[in-house]
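The structure appears right after this line, and notes come after that.
Protein chains: 2
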Amino acid sequence: MEEKRTEIASLGEFGLIDHLTRENETKNASTLLSIGDDAAVIDTFGKQMVISTDMLVEGVHFDLMYMPLKHLGYKAVIVNLSDIYAMNAEPTQITLSIAISNRFSVEALDEFYEGVNLACERYGVDLIGGDTTSSQKGLVISITAIGEVEENKFVTRSGAKEGDLICVTGDLGASYMGLLLLEREKKIYLENPGVQPDLENQKYVLERFMKPEAGKNMVHWMKENNLMPTSMIDISDGLSSEILHICKQSELGCVIYEDKLPIHEETKLNAQKFGIASTTAALNGGEDYELLFTISPTEFEKVKDCELLNIIGHMTNSSEGRKFLTNSNVKIDISAQGWKHI
Amino acid sequence: MEEKRTEIASLGEFGLIDHLTRENETKNASTLLSIGDDAAVIDTFGKQMVISTDMLVEGVHFDLMYMPLKHLGYKAVIVNLSDIYAMNAEPTQITLSIAISNRFSVEALDEFYEGVNLACERYGVDLIGGDTTSSQKGLVISITAIGEVEENKFVTRSGAKEGDLICVTGDLGASYMGLLLLEREKKIYLENPGVQPDLENQKYVLERFMKPEAGKNMVHWMKENNLMPTSMIDISDGLSSEILHICKQSELGCVIYEDKLPIHEETKLNAQKFGIASTTAALNGGEDYELLFTISPTEFEKVKDCELLNIIGHMTNSSEGRKFLTNSNVKIDISAQGWKHI
Chain A
21 MEEKRTEIAS
31 LGEFGLIDHL
41 TRENETKNAS
51 TLLSIGDDAA
61 VIDTFGKQMV
71 ISTDMLVEGV
81 HFDLMYMPLK
91 HLGYKAVIVN
101 LSDIYAMNAE
111 PTQITLSIAI
121 SNRFSVEALD
131 EFYEGVNLAC
141 ERYGVDLIGG
151 DTTSSQKGLV
161 ISITAIGEVE
171 ENKFVTRSGA
181 KEGDLICVTG
191 DLGASYMGLL
201 LLEREKKIYL
211 ENPGVQPDLE
221 NQKYVLERFM
231 KPEAGKNMVH
241 WMKENNLMPT
251 SMIDISDGLS
261 SEILHICKQS
271 ELGCVIYEDK
281 LPIHEETKLN
291 AQKFGIASTT
301 AALNGGEDYE
311 LLFTISPTEF
321 EKVKDCELLN
331 IIGHMTNSSE
341 GRKFLTNSNV
351 KIDISAQGWK
361 HI
Chain B
21 MEEKRTEIAS
31 LGEFGLIDHL
41 TRENETKNAS
51 TLLSIGDDAA
61 VIDTFGKQMV
71 ISTDMLVEGV
81 HFDLMYMPLK
91 HLGYKAVIVN
101 LSDIYAMNAE
111 PTQITLSIAI
121 SNRFSVEALD
131 EFYEGVNLAC
141 ERYGVDLIGG
151 DTTSSQKGLV
161 ISITAIGEVE
171 ENKFVTRSGA
181 KEGDLICVTG
191 DLGASYMGLL
201 LLEREKKIYL
211 ENPGVQPDLE
221 NQKYVLERFM
231 KPEAGKNMVH
241 WMKENNLMPT
251 SMIDISDGLS
261 SEILHICKQS
271 ELGCVIYEDK
281 LPIHEETKLN
291 AQKFGIASTT
301 AALNGGEDYE
311 LLFTISPTEF
321 EKVKDCELLN
331 IIGHMTNSSE
341 GRKFLTNSNV
351 KIDISAQGWK
361 HI
């Protein structure tokens with residue numbers, strides 16, 4: 021059966037917006053006015069608001085050859101919620117703008133919005149506005165996430181103290197292995213379209229790339245256990261890059277221990293197949309969307325049995341540098357450069 | 021002298037962000053934390069927040085052949101602030117994301133940010149966050165504007181009542197004439213690069229296109245004069261399109277009088293040269309960024325001497341339709357379609 025293809029032009033701008041947001045229900049009492057006016061209105065009930073924004077560009081941040089639109093929609097939201105959790109805040113609303121070329125049908129956009137709506141549903145977030153426009157080439161997604169936090173309970177990158185413990189949630193490097201696998205399969209497919217993809221024993225790393233989750237559980241746990249991190253950041257560019265942000269903004273050094281890095285078995289297995297060190301994937305892979313944070317050593321008792329996190333090192337005086345201690349007991353400098361797409 | 025060209029890659033992502041935001045100063049006490057962390061933090065002091073977002077795509081919304089980057093930066097901010105004023109709110113913060121190809125130098129981005137900063141300065145708005153990424157082709161700009169409004173003083177599109185007066189600020193159609201002129205000069209230049217542009221007596225319409233302003237004066241005047249509109253929208257797609265939004269969302273009809281439309285002399289002059297009716301430019305031109313709003317007829321005394329606005333019609337029962345009364349006393353249906361880029 022042929023799939024239905026509705027041209028976007030057949031709905032017009034306003035028809036398209038109505039169509040895409042037809043099932044949009046408000047989840048937060050703070051959302052006073054949502055999509056459909058010049059702006060949305062948010063009531064704040066005396067809390068502070070946290071705002072973050074991200075832009076995703078086809079061919080730079082994602083490849084539609086292996087990224088289904090529904091997953092892309094889900095991930096685009098998660099990436100932004102992750103920043104809100106990294107402030108120790110609770111995400112409440114997002115706005116979503118997309119530029120699309122006419123190669124996309126209404127059905128394709130519906131898939132994308134299915135993913136967006138699923139993420140909003142799971143994280144209790146309202147989609148309150150946006151802009152839908154055309155592009156000459158490719159898909160561009162821009163999301164702004166809004167969150168709330170109790171007065172002065174937000175956590176920045178700059179509050180770490182010497183001696184603080186460095187913690188990380190979940191495991192690292194899996195998303196990068198997922199990406200490598202998908203890139204390999206794409207190459208094979210392009211050369212031999214008949215070959216079926218070999219994606220056995222790779223479910224975990226693929227899911228980590230295709231459908232990451234944001235740090236909700238950790239932030240809720242910290243609230244329940246009355247734990248206030250001294251600094252926090254989410255891992256989008258890789259552990260190395262993020263710990264350097266904390267060091268720089270807190271004016272400190274650090275030591276991270278290779279043997280403490282949480283790495284999933286499947287990540288190790290796949291890293292081996294690709295002939296790269298799983299530690300490299302953990303340090304520089306990126307797109308983990310785990311939380312990296314520091315806590316006072318006096319909080320050790322609170323966290324020592326928490327299964328959501330691992331302690332991977334501690335903050336040092338700035339003069340000691342930013343160091344990584346390998347399993348063979350060699351201290352090396354941590355380096356990272358963020359993106360170099362351009 | 022050759023202009024300096026610094027490649028974006030020479031700064032890296034974080035260096036580029038530092039460079040572009042180096043003069044960023046906070047203007048609002050509500051801006052607790054600005055650029056440089058996972059998110060910004062805003063204190064709300066018991067007010068309500070208003071949020072709007074817009075995306076601008078090169079080749080769709082702007083043409084760099086005749087739009088200098090500084091003007092583009094200014095206009096991109098204004099377009100968003102206009103939405104905030106249209107809610108009867110005061111803009112306080114923006115986030116800015118851009119995707120850029122490597123054909124842009126750091127100096128080109130500096131020009132763009134000069135315009136962004138100038139608009140922020142003039143409107144008292146803080147730039148609190150953003151994302152800078154690469155694109156495969158062209159420039160994409162996404163801005164989210166945040167504003168504040170006293171409790172339940174925000175104005176939507178849906179509150180107009182039968183008999184309300186329809187008001188519009190400034191004049192209409194000038195921006196469209198500016199666009200037509202620039203399109204013509206571009207065509208001439210492409211055919212004959214030696215020919216100097218003929219832009220005499222077109223200063224006003226060009227400025228209206230290149231450097232529009234948002235509805236700050238009107239919103240401040242309304243506050244000072246204790247005037248609360250019943251509905252309000254900003255004119256981005258043209259008067260026709262916007263009044264239809266108010267009619268639809270307020271479930272009413274309207275009559276607008278051709279002889280009441282505020283049209284600048286220079287707009288009329290240029291419309292004549294192009295052989296189009298200036299009324300058409302006023303109704304469908306778009307990008308005026310004036311405010312269109314309705315007020316109770318009991319407020320007539322308050323506004324009758326206000327030089328910021330003109331009364332151009334009134335709201336009617338839904339059964340009377342959405343009508344335009346021409347100078348020759350013919351009633352025609354108002355129609356509009358928003359964009360049809362795709």
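So the protein lines, in turn, are chains A and B.
The opening residue of the first sequence carries number 21 in my numbering; numbering runs sequentially from there.
The opening residue of the second sequence carries number 21 in my numbering; numbering runs sequentially from there.
Even for Gly, the Cβ is constructed at its ideal location relative to N, Cα and C.
Cβ of A/V70 within 8 Å of any chain B Cβ: yes
Those residues which DSSP pairs with A/Y309 across a bridge: A/Y309 is not bridged to any residue.
Residues bridged to B/S251 (per DSSP): B/T314
Runs of beta strand (DSSP E) lying entirely within the segment 101-139 of chain B, each at least 3 residues, in chain order: 110-120
Neighbour list for A/T164 in chain B, Cβ cutoff strictly below 7 Å: T73, T115, T164
DSSP state of A/T221 mapped onto helix, strand, coil: Checking the sequence, you will find Asn at residue 221 of chain A rather than Thr. Residue state, collapsed to three classes: coil.
Within 8 Å, strictly: CB atoms of B/V188 and B/P282: yes
Bridge-paired residues (DSSP) for A/A356: For A/A356, which the question treats as bridged, DSSP gives no partner whatsoever.
Buried or exposed by the 16-neighbour rule on C-beta atoms within 10 Å, applied to A/H240: exposed
Other residues of its chain near B/L199: CB distance less than 6 Å, five sequence neighbours each side excluded: F229
A/D308 classed as buried or exposed, judged by whether at least 16 other C-beta atoms fall within 10 angstroms: buried
Proximity below 8 Å, CB of A/G193 to CB of A/A302: yes
Stretch-stretch touch, CB-based, cutoff 8 Å, three pairs: the segment 208-225 of chain B with the segment 293-300 of chain B: no
Beta-carbon proximity check, B/S117 vs B/D151, cutoff 8 Å: yes
Contact the segment 168-184 of chain B vs the segment 264-273 of chain B: 3+ CB pairs below 8 Å: yes
Close beta carbons around A/A165, own chain, < 7 Å, minus the five adjacent residues each side: S72, N100, L101, D103, I104, P111, I114
Strand pairing of A/K351, partner residues [DSSP]: A/L345
Outcome for B/T318 when other beta-carbon atoms lying within 10 angstroms are tallied against a minimum of 16: exposed
Range of the contiguous alpha helix (DSSP H) that encloses A/E203: 194-211
Range of the contiguous beta strand (DSSP E) that encloses B/T152: 146-154
Terminal residues of the beta strand (DSSP E) in which A/L53 lies: 51-53
B/G158, DSSP secondary structure in three states: coil
Spatially closest choice to B/L311 from B/D254, B/E227, B/Q292, B/K351, by CA coordinates: B/D254
Where A/S125 meets chain B, residues with beta-carbon distance less than 8 Å: The contacting residues do not exist; A/S125 stays about 11 Å from chain B at best.
Between the CA atoms of A/E340 and B/M75 - distance to the nearest angstrom: 45 Å
Spatial neighbours of A/E233 in its chain, beta-carbon cut-off 8 Å, leaving aside the 5 residues before and after: I98, Y309
Beta-ladder partner(s) of A/L185, from DSSP: A/I315, A/H334
Distance between B/E278 and B/T26 (C-alpha atoms, nearest Å): 52 Å
Range covered by the beta strand (DSSP E) that runs through B/A29: From DSSP, B/A29 is part of no beta strand (DSSP E); its letter is neither H nor E.
contact_flag[the segment 29-46 of chain B, the segment 38-51 of chain A] where n(CB pairs < 8 Å) is 3 or more: no
Per-residue DSSP class, three states only, for B/A165: strand
Terminal residues of the alpha helix (DSSP H) in which B/T300 lies: 298-304
A/V80 at chain B interface by Cβ criterion, 8 Å: yes
CB contact check: A/G358 to chain B, cutoff 8 Å: Residue placement at A/G358 is flagged as unreliable, the pLDDT there being 42, under the threshold of 50; the coordinate-derived value follows with that caveat. Yes - at least one Cβ of chain B is within 8 Å of the one on A/G358.
Coarse secondary structure for B/T41, derived from DSSP in three states: coil
Short CB-CB distance (under 8 Å) between A/Q156 and chain B: yes
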